[in-house]
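Sequence positions in the sequence shown follow this note's numbering and run -18 to 413.
Backbone N, C-alpha and C fix where the C-beta goes; we use that ideal spot for every residue, glycine too.
Everything on this sheet refers to the single structure shown next.
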Amino acid sequence: MAKLLDKQRYKCALGAMQTVQAIDRALPILHSGPGCAQKLSESIGSSGYFSPNIFPCTSINEKDVVFGGVKKLNSTIENALKVIDADLYVVLTGCIPEIVGDDSGEVVSRYADNDKPVVYAPTAGFKGNNYKGHEQVVDAIIDQYLEKSDKRTKGLVNIWADVPYQDLFWLGNLRELEKLISEIGLTPNSIFGYQRGIQNINKIPEAEFNLLVSPWVGLSNMKKMEKKLGIPYLHYKTLPIGATETSKFLREVGRFAEVDSELVESVIKRHEDYYYYLIERYADLFLENRVINKQFSLVSDAHYALAITKFLANDLGLVPAKQFIVDDTPKKYQEEISNEFKKLNYGIEADVAFETDGFKIHEEIKNHDYHGYPLILGGYYEKEVTEQLKGNFLNISYPVQDKVVFDDFYVGYTGGIRLIEDIYTVAVQRFN
């Protein structure tokens, strides 16, 4: 009997068109049925220079299923190059052309000598979700465009973190990571967001190392770049939020990059002094507020579940109930990620479930005794169940439907303060 998956938190691999869109002046070319771009796009923050409404698409139909769609793909690429001014063209395939066996890679290879790069990523929905699709887009750039360089630019660091648009805070988080890296004397390089694009992609082979800030997404990309381009990588599993984790992050990056420890410590002290000054100003609120109980649950991808669990436990002293990771994390990464939830201060450990079914998650939340009002941080789907439990809810993960985010962020010392503001804003509203 077929199983129903309730309230899934990801899209099919073709959703990687948003990864392409996040690269300045990069254009997705879709080899798929009509309507895919519209269905996979977001209603907030996905317009701009190229919007999903104008992505070139082969719009394949029944005739193409029978006779193949490679001719239509070739003409679509050819005409896109003529009429759309982009710096990078990325062909993405949907389910139908891969089921019928279209050789999309061969078609794209005909444009190898084009003035502007054209690459291809197989992103059929049955091959995985948009987290996997994100990795496939980066792989396409590595395999089909980048070449090994003998040049190494001292202090240059490639930064990889959030999956664009899947995380509404991706832009602000990346910029804050860049800022933190700059403060300890390194030069950050990322390919997503404003004025990042082909010029930054071209710098990738010259970096001294790659910095991956993610529990698992992007790790295969790092290994591929190490093998092909000879770039070592530092894998920092926890997105640094708040003073405890951000200070650990800066020290580890500093050691890996052989940065003067005195410089790193001076940066940390300056940030921590101001961070704890702000915390002290609201100490009465934290100590006297009995609305937020000490127990909390996260319902999000591994990226935020791990980061915010560590932040709430280590910085705010809250006790984790069960945490739910909903990004369909590959089994080979699950044990290692679970172990990270055991590395909290004061010997605290968090139980974690890798679950994609929203119904099962909500049943576990309802059946758990939070010993008072629960604090639930998750997708908009969790709002109703939190209200039923008379708890406090903050929408921090996909889908985000109760806030607009331009370049806000939760990363770093400043990001931790912003997250505290958001949580306690929800709490004090109970009194109004």
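Report the rounded CA-to-CA distance for residue 267 versus residue 19, giving the unit in angstroms. Start at 1 with the first residue of the sequence shown, and residue 267 comes out as number 286. Start at 1 with the first residue of the sequence shown, and residue 19 comes out as number 38. Taking the straight line from one Cα to the other gives about 44 Å.
Relative to the C-alpha of residue 3, which residue among -11, 87, 178, 41 is closest? Translated into positions along the sequence shown, residue 3 becomes position 22. Looking only at -11, 87, 178, 41, the smallest Cα-Cα distance to residue 3 is reached by 178.
Express the C-alpha separation of residue 223 and residue 229 in angstroms, rounding to a whole number. Taking the first residue of the sequence shown as 1, we reach residue 229 at position 248. Taking the first residue of the sequence shown as 1, we reach residue 223 at position 242. Distance between the alpha carbons of residue 229 and residue 223 is about 10 Å.
By the DSSP assignment, the alpha helix (DSSP H) with residue 256 in it spans what residues? Locating residue 256 in the sequence shown gives position 275, where the first residue counts as 1. Start and end: 242 to 262.
Buried or exposed for residue -18, going by 16 or more other Cβ atoms inside 10 Å? In the sequence shown, the residue the question calls residue -18 occupies position 1. Note on residue -18: pLDDT 46, under 50, position unreliable in the model; the coordinate value appears next. It counts as exposed.
Beta-carbon proximity check, residue 54 vs residue 83, cutoff 9 Å: By one-based count along the sequence shown, residue 54 stands at place 73. By one-based count along the sequence shown, residue 83 stands at place 102. Taking C-beta atoms as the reference points, residue 54 and residue 83 count as a pair closer than 9 Å.
In terms of residue numbering, what span does the beta strand (DSSP E) encompassing residue 349 cover? Here residue 349 is taken as the residue at index 368 of the sequence shown, counted from 1. For residue 349, no beta strand (DSSP E) segment is defined, and its DSSP state is neither H nor E.
Span of the alpha helix (DSSP H) holding residue 51? Within the sequence shown, residue 51 is the residue found at index 70, counting from 1. That run of the alpha helix (DSSP H) goes 51 to 64.
Use the C-beta contact count for residue 264: other C-beta atoms within 10 angstroms, 16 or more gives buried, fewer gives exposed. As a first step, residue 264 must be located in the sequence shown, where it is residue number 283. Exposed, since its Cβ has fewer than 16 Cβ neighbours within 10 Å.
Short check: CB of residue 144 to CB of residue 162, under 9 Å? Taking the first residue of the sequence shown as 1, we reach residue 144 at position 163. Taking the first residue of the sequence shown as 1, we reach residue 162 at position 181. In terms of Cβ geometry, residue 144 and residue 162 do not form a close pair [threshold 9 Å].
Could you compute how far the alpha carbon of residue 189 sits from the alpha carbon of residue 152? Position 208 of the sequence shown, counted from the start, is the residue given in the question as residue 189. Position 171 of the sequence shown, counted from the start, is the residue given in the question as residue 152. Inter-residue distance for residue 189 and residue 152 is about 23 Å (C-alpha atoms, whole angstroms).
I think residue 296 touches residue 176, with their Cβ atoms under 8 Å apart; what is that distance to the nearest whole Å? Numbered from its first residue, the sequence shown carries residue 296 at position 315. Numbered from its first residue, the sequence shown carries residue 176 at position 195. About 33 Å; that fails the 8 Å criterion.
Assuming the contact rule is C-beta atoms closer than 8 Å, residue 132 and residue 187 should be a hit. Round their C-beta distance to whole Å, please. Here residue 132 corresponds to residue number 151 of the sequence shown, with the count starting at 1. Here residue 187 corresponds to residue number 206 of the sequence shown, with the count starting at 1. So it is a contact: roughly 5 Å between Cβ atoms.
For the alpha helix (DSSP H) that contains residue 78, what are its first and last residues? On the sequence shown, residue 78 is found 97 positions in, with the first residue counted as 1. Annotation: the continuous alpha helix (DSSP H) that includes residue 78 extends over 76 to 81.
What's the C-alpha gap between residue -8 and residue 306? For the purposes of this step, residue -8 is identified with residue 11 of the sequence shown, where counting begins at 1. For the purposes of this step, residue 306 is identified with residue 325 of the sequence shown, where counting begins at 1. Residue -8 and residue 306: Cα-Cα distance of roughly 15 Å.
Which term fits residue 352, buried or exposed, when burial requires 16 or more other beta carbons within 10 angstroms of its beta carbon? In the sequence shown, residue 352 corresponds to position 371, counting from 1. That one is exposed.
What residues in its chain sit with their C-beta under 7 Å from that of residue 122, if we drop five residues either side in the sequence? For the purposes of this step, residue 122 is taken as residue 141 along the sequence shown, with counting starting at 1. A distance below 7 Å between beta-carbons, with the five flanking residues on each side excluded, links residue 122 to the following residues of its chain, in chain order: 100, 182.
If you compare alpha carbons, which of 91, 50, 79, 103 is closest to residue 72? Your numbering for residue 72 matches position 91 in the sequence shown. If you compare the alpha carbons of 91, 50, 79, 103 with that of residue 72, the shortest gap goes to 103.
Name the two residues that bound the continuous beta strand (DSSP E) containing residue 335. Here residue 335 is taken as the residue at index 354 of the sequence shown, counted from 1. Element bounds for residue 335: 333 to 335.
If you follow the alpha helix (DSSP H) that residue 197 is part of, which residue opens it and which one closes it? Sequence index remark: in the sequence shown, residue 197 carries index 216 (1-based). Per DSSP, residue 197 is not a residue of any alpha helix (DSSP H), being assigned neither H nor E.
So, helix, strand or coil for residue 311, using DSSP? Reading the sequence shown from its first residue, position 330 is the one you call residue 311. Here residue 311 sits in coil by DSSP.
Report the partner residues of residue 300 according to the DSSP bridge assignment. Position 319 of the sequence shown holds residue 300. In the DSSP assignment, the residues bridged to residue 300 are 276.
In this structure, how does DSSP classify residue -18 when only helix, strand and coil are distinguished? Position 1 of the sequence shown, counting from 1, holds the residue named residue -18. Low confidence applies here, because residue -18 scores a pLDDT of 46, under 50, leaving its location unreliable and the question unanswered by this model.
Secondary structure of residue 144, DSSP reduced to three states: Translated into positions along the sequence shown, residue 144 becomes position 163. Coil, per DSSP.
With distances taken Cα to Cα, identify the nearest neighbour of residue 280 among 329, 259, 378. Locating residue 280 in the sequence shown gives position 299, where the first residue counts as 1. When only C-alpha atoms are compared, the closest one is 378.
Under three-state DSSP, which class holds residue 4? Looking up residue 4 in the sequence shown gives position 23. When DSSP states are grouped into helix, strand and coil, residue 4 belongs to the coil group.
Straight-line Cα distance separating residue 226 from residue -3: Counting from one through the sequence shown, the residue named residue -3 turns up at place 16. Counting from one through the sequence shown, the residue named residue 226 turns up at place 245. Looking at the two C-alpha atoms, the distance is approximately 29 Å.
Measure the Cβ-Cβ separation of residue 345 and residue 334 and say whether it is below 9 Å. In the sequence shown, residue 345 corresponds to position 364, counting from 1. In the sequence shown, residue 334 corresponds to position 353, counting from 1. For residue 345 and residue 334, yes; Cβs fall inside 9 Å.
Could you tell me the distance, in whole angstroms, from the CA atom of residue 49 to the CA atom of residue 76? For this step, residue 49 is matched to residue 68 along the sequence shown. For this step, residue 76 is matched to residue 95 along the sequence shown. Rounded to the nearest whole angstrom, the CA to CA distance from residue 49 to residue 76 is 13 Å.
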